[in-house]
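Numbering (this note's numbering), first residue to last: 2 to 399.
The structure appears below as structure tokens.
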Ligand SMILES: Nc1nc2c(ncn2[C@@H]2O[C@H](COP(=O)(O)O)[C@@H](O)[C@H]2O)c(=O)[nH]1
Ligand SMILES: [Mn+2]
């Protein structure tokens, strides 16, 4: 947090209570704790909940839920509406040929050629709302992952659902792309928050709400594209956004990297080389602000990953395979390294903390089989190919 954000903070004694849902042994950076403290002293903040995936963010702690009587756009940031949507595929695992599926899912590298106006209208959004990026994943750690559902020791936990052990699933992590960025751009300097009753506050919240719905539609379109490529039908199991503001009776609930948990099922993402989990949230924990951890959380920031993964050729080659025998499709080497599994904390520790805090029960494991990350930047790839070709020619002439 910058100095402009620290202006007007309440003293520590007037700070809002912070509920931490993690143990002493959980990996939490000091910088994230400092951000939590600062957020708890922002004007109008009445309660903060922090989850075990907590880590420092650009403007505030990721892995937290904050109740306030003002709108703090910085706590949400650019990627308004980012979330995880889980879909069950109508495709028997025994029919899956992973190598073929890995080729087919590359359809996500292409722009989407559907009818954006019709899809936007069907979801109650303006037909011209940022059609250009619809159906595409984007960069960072956004992904579309084919997973196999595994049961935990107690099979009957799945009894109330229509998913079963062995089902193939798609977990899509994406947000509102450049739409969210544009919405955030209109209030970039509003560090002291926006009054809900002001024109700027209302205008931001309306645009934010559209971006949240756009992001959810985008995840569905991505999943539909992948399912069609795999020649399967699909059905939605859970749609859990984790970057958003909601108006509640007791205030404005800001979730930054905290999953909306007042829904029946919530995915907890691991990494491309770790299990993810499907959680049933407990309803009777008001201190958790109807929220849960959304993933493992970063252990190392992107910049510090350069020396931690992909340092040798064999290490780099290994980044596109997983210990589950899975494939990773990501043509961008930098992303492969920045998003290497060791950039993340251990999802089992996150799960343990959620269980110990009695916030959620895990009903299934989700084993990664095929992870599609950012598509190749075609111009960059062409430039690289040209350079490579020129180098080869030069060597041949020597
Ligand atoms: N199953 C996978 N999970 C992944 C992958 N890359 C990251 N992750 C997890 O997702 C969350 C997303 O965090 P966010 O703050 O950017 O929304 C992260 O904490 C990881 O646990 C992946 O390839 N597969
Ligand atoms: Mn996200």
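The C-beta atom is built at its ideal place from N, Cα and C for all residues, glycine as well.
Rounded Cβ spacing between residue i and residue j (contact assumed at less than 8 Å)
i: residue 135; j: residue 120; result: 7 Å
i: residue 80; j: residue 244; result: 5 Å
i: residue 292; j: residue 66; result: 4 Å
i: residue 106; j: residue 336; result: Between residue 336 and residue 106 the Cβ distance is about 16 Å, and since that is not below 8 Å, they are no contact.
i: residue 92; j: residue 233; result: 4 Å
i: residue 255; j: residue 77; result: 6 Å
i: residue 102; j: residue 147; result: 7 Å
i: residue 26; j: residue 53; result: At roughly 10 Å, the Cβ-Cβ gap does not stay under 8 Å, so residue 26 and residue 53 are not in contact.
i: residue 170; j: residue 150; result: 5 Å
i: residue 88; j: residue 237; result: 6 Å
i: residue 375; j: residue 333; result: 5 Å
i: residue 230; j: residue 108; result: 4 Å
Cβ neighbours of residue i in the same chain (closer than 6 Å, five flanking residues each side left out)
i: residue 173; result: 86, 145, 220, 223 and 224
i: residue 33; result: 55, 56, 57 and 62
i: residue 201; result: 195
i: residue 216; result: 82, 176 and 177
i: residue 402; result: Absent from the model: residue 402. The displayed extent of the chain is 2 to 399, so no value can be given.
i: residue 168; result: 89 and 150
i: residue 321; result: 329
Cβ neighbours of residue i in the same chain (closer than 7 Å, five flanking residues each side left out)
i: residue 41; result: 16, 17, 19 and 49
i: residue 343; result: 309 and 310
i: residue 288; result: 20 and 50
Close Cβ partners of residue i (< 8 Å) along its chain, the five nearest in sequence each way excluded
i: residue 356; result: 362 and 363
i: residue 122; result: 128
i: residue 299; result: 56, 63, 344, 345 and 346
Check: residue i C-beta below 7 Å from any heavy atom of ligand 3
i: residue 240; result: Here the bound small molecules are ligand 1 and ligand 2; ligand 3 is not part of this structure.
Check whether the region 209-221 and the region 173-184 touch, using three or more Cβ-Cβ pairs below 8 Å as the test. yes
Tell me whether the region 121-131 and the region 288-307 touch, counting them as touching only if at least three CB pairs, one residue from each stretch, are closer than 8 Å. no
Evaluate the contact criterion for the region 69-79 versus the region 274-282: three or more CB pairs, one atom per stretch, below 8 Å. Result no; under three Cβ-Cβ pairs closer than 8 Å.
Identify every run of the beta strand (DSSP E) within the region 170-223, keeping only runs that are complete inside it and at least 3 residues long; order them along the chain. none
Stretch-stretch touch, CB-based, cutoff 8 Å, three pairs: the region 269-276 with the region 346-363: yes
Would you check if there are 3 or more beta carbon pairs closer than 8 Å linking the region 323-337 to the region 21-40? no
Segments of 3+ residues assigned as beta strand (DSSP E) that fall wholly inside the region 228-264: DSSP assignment within the region 228-264 yields the following whole beta strand (DSSP E) runs of 3 residues or more, N-terminal first: 235-242, 244-249, 252-257 and 259-261.
Where in the region 265-344 do unbroken runs of the alpha helix (DSSP H), each at least 4 residues long, occur, reported from the N-terminal end onward? Runs of the alpha helix (DSSP H) inside the region 265-344: 314-319 and 334-339.
Where are the beta strand (DSSP E) runs, 3 residues long or more, that stay fully inside the region 42-80, in chain order? Listed in chain order, the beta strand (DSSP E) runs fully inside the region 42-80 are 46-56 and 63-69, counting runs of at least 3 residues.
So within the region 74-116, which uninterrupted beta strand (DSSP E) runs reach at least 3 residues, ignoring any that extend past its ends? Segments of the beta strand (DSSP E) lying fully in the region 74-116: 84-90.
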